[in-house]
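Beneath this line is the structure, given in structure tokens, with notes to follow.
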Amino acid sequence: MKIVVSAQGDTLEAPASPVFGRCPTYVFVDTDTMQYEAVPNPAMNQGGGAGIQAAQFVVQHGAQAVLTGNLGPNAFDVLEAAGVAGYLVPEGTVRQAVEAFKAGRVQSMGGANVAAHAGMGGGAGMGSGAGMGTGRGMGRGMGRGMGRGMGMGSGVQPVMPTQPSPATAPDSELTELRETLKSLRQQLADTMDRIDRLEEEG
């Protein structure tokens with residue numbers, strides 16, 4: 107099983123990090139062989155939406171579980187949508203965290219355990235992201251309020267399957283839904299960045 111630990115360094119002996127979205131490094135570990143790959147967190151210095159981008163990053167790298175200290179609601183939603191479980195990492199090194207996970211001694215996160223930054227939830231972000239996504243020139247003139255309204259109608263609905271067709275095979279529908287989820291996660295990350303920029307300019 108491939109899991110990822112938020113870490114302060116790039117080895118199994120590095121301290122595990124209690125921070126997810128802005129930790130320095132992600133250490134991906136194969137629990138069967140203990141082989142690992144340490145990858146710098148590309149979202150560490152992001153102005154906004156770091157948790158979402160970090161969650162997308164570890165999902166894209168094939169992580170099947172996340173071991174960390176804190177997960178915000180946006181990051182948690184991305185991981186949950188991808189079927190990636192989050193676990194509270196114990197104090198200690200990356201190796202100790204992995205060993206605790208293998209022994210069943212880590213606590214599963216049933217939800218986010220820290221508040222969203224700037225008080226934004228995933229729903230509002232998704233709406234404005236879809237609205238702004240078609241043309242960045244429209245964003246400043248329209249404002250966030252209108253963006254949310256048109257976003258949900260113009261950006262999200264067209265990519266969602268309206269109703270499963272009786273002739274559609276389950277595998278085909280699953281593939282379609284996964285592609286939809288991937289698109290929505292990207293829209294959400296773009297939206298959070300756009301909102302942060304607008305708030306800074308305002």
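So that you can map any letter, position 46 of the sequence shown is 152 in our numbering, and since no number is skipped, the others follow by simple counting. Built from N, CA and C at the ideal position, the CB exists for glycine as well. Small disclaimer: the values here were computed from a predicted structure and weren't measured.
If I measure Cβ to Cβ from residue i and keep anything under 8 Å in the same chain, skipping five residues before and after, which residues do I get?
| i | result |
| --- | --- |
| Val212 | Leu173, Tyr193, Leu194, Val195, Pro196, Ala203 and Ala206 |
Sorted by chain position, which residues of the same chain lie with C-beta nearer than 7 Å to residue i's C-beta, five sequence neighbours on each side aside?
| i | result |
| --- | --- |
| Gly216 | none |
Check for me: the beta strand (DSSP E) holding residue i runs from which residue to which?
| i | result |
| --- | --- |
| Val110 | Lys108 to Ala113 |
| Phe207 | Unbroken run through Phe207 is the alpha helix (DSSP H), Val200 to Lys208; no beta strand (DSSP E). |
| Phe134 | Thr131 to Asp136 |
Quick one, are the C-beta atoms of residue i and residue j less than 7 Å apart?
| i | j | result |
| --- | --- | --- |
| Ala144 | Val135 | no |
| Val200 | Ala122 | yes |
| Gln170 | Lys108 | yes |
| Asn180 | Gly157 | yes |
| Ala218 | Phe163 | no |
So residue i is in the alpha helix (DSSP H); what residue range does that whole segment cover?
| i | result |
| --- | --- |
| Leu185 | Pro179 to Ala187 |
| Val145 | From DSSP, Val145 is part of no alpha helix (DSSP H) but of the beta strand (DSSP E) over Tyr142 to Pro146. |
Just the C-alpha distance for residue i and residue j, rounded to the nearest angstrom, thanks.
| i | j | result |
| --- | --- | --- |
| Tyr142 | Glu285 | 28 Å |
| Gln152 | Gly115 | 19 Å |
| Leu177 | Ala161 | 10 Å |
| Val190 | Leu283 | 16 Å |
| Ala120 | Ser278 | 42 Å |
| Arg300 | Ser289 | 16 Å |
Under 6 Å Cβ to Cβ from residue i, same chain only, skipping five residues before and after it: list those, please.
| i | result |
| --- | --- |
| Cys129 | Ser112, Ser123 and Asn147 |
| Lys208 | Thr137 |
So what does residue i bridge to, in DSSP terms?
| i | result |
| --- | --- |
| Val172 | Val110 and Gly192 |
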